[in-house]
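Novice: Each step along the first sequence adds one to the number in numbering that gives the first Met the number 0, with nothing skipped, and position 19 is 18. Just so it is clear, CB atoms sit at the ideal spot from N, CA and C, and this is done for glycine as well. The structure displayed is predicted, hence computed values, not measured ones.
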Amino acid sequence: MHNCQMTSDQSPDPDRQLAAIRAVVSALRVGEVVTYGLVADRAGLPGRARLVGLALRTAPDSTTLPWHRVVGAGGRIVFPAGSESAEQQARLLRAEGIDVKGRRVAMPQGADLDALLWGAPGAVKMRRSQKGDRR
DNA sequence: AACTTGACTAATC
DNA sequence: CGATTAGCCAAGT
Numbered sequence: 000m001h002n003c004q005m006t007s008d009q010s011p012d013p014d015r016q017l018a019a020i021r022a023v024v025s026a027l028r029v030g031e032v033v034t035y036g037l038v039a040d041r042a043g044l045p046g047r048a049r050l051v052g053l054a055l056r057t058a059p060d061s062t063t064l065p066w067h068r069v070v071g072a073g074g075r076i077v078f079p080a081g082s083e084s085a086e087q088q089a090r091l092l093r094a095e096g097i098d099v100k101g102r103r104v105a106m107p108q109g110a111d112l113d114a115l116l117w118g119a120p121g122a123v124k125m126r127r128s129q130k131g132d133r134r
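(1) Pull the bridge partners of T34 from the DSSP assignment, please.
(2) Within 10 angstroms of the Cβ of G74, are there 16 or more other Cβ atoms? Answer buried if so, exposed if not.
(3) Using the Cα positions of V23 and A42, report the straight-line distance between them to the nearest angstrom.
(4) Would you call the CB atoms of L17 and A54 closer than 8 Å?
(5) Just mark R47 as buried or exposed, buried being the case when its beta carbon has 16 or more other beta carbons within 10 Å.
(6) When you compare only the Cα positions, how much space is there between G30 and E86?
(7) Can you tell which of A89, P59 and R103 has its C-alpha closest to the C-alpha of S25?
(8) In its own chain, which residues sit with a C-beta less than 8 Å from the C-beta of I97, not counting the 5 before and 5 after it?
(9) Spatial neighbours of R21 within its chain, please: C-beta separation below 7 Å, excluding the five flanking residues on both sides.
Right, here's the structure in full:
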């Protein structure tokens, strides 16, 4: 059977990508909070933050997956305010020692970490130091 | 095959 | 700081 034309493996199967994303999330330790974008980056899928959401949403084992450790950019919970999901995520994070204010996780004293990684290894993409950094 | 939808993100208002 | 808009990428209709 040769006839197989190209196709090759240039484009990894979608499931493969989703699996990679879930693996990254599954590897998150207690108290470690990362953003969708960072998860995508770690999974080798830069620019596909939305794909992370899809992977978590379609995760077969969301119950055993620390999905709550994944938040939106800036440490904001992406679920609608007041929604059960948002409340549950906030509760789960608090249970791990993460302080959550409303739909946003409390970061190290007003640091402008957009990538915000609490306990995450080698992250801190930092953000330009704002202008009048007041306190 | 075109259009809509979504667990995203950044910039504006 | 919340609401809007626009850009982005893949899946579902």
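Specialist: Walking through what the data contain:
(1) Per DSSP, V70.
(2) With a threshold of 16 other beta carbon atoms within 10 Å, G74 meets it and is buried.
(3) Spanning the two alpha carbons is a distance of roughly 6 Å.
(4) Against a cut-off of 8 Å, the Cβ pair of A54 and L17 comes out as a contact.
(5) Buried is the call here.
(6) For G30 and E86, the distance between alpha carbons rounds to 17 Å.
(7) S25 has its Cα closest to that of P59, out of A89, P59 and R103.
(8) Same-chain partners within the cutoff: G30, V32, V104, A105 and W117.
(9) Excluding residues within five positions, the ones whose Cβ falls inside 7 Å are A54, A58 and L64.
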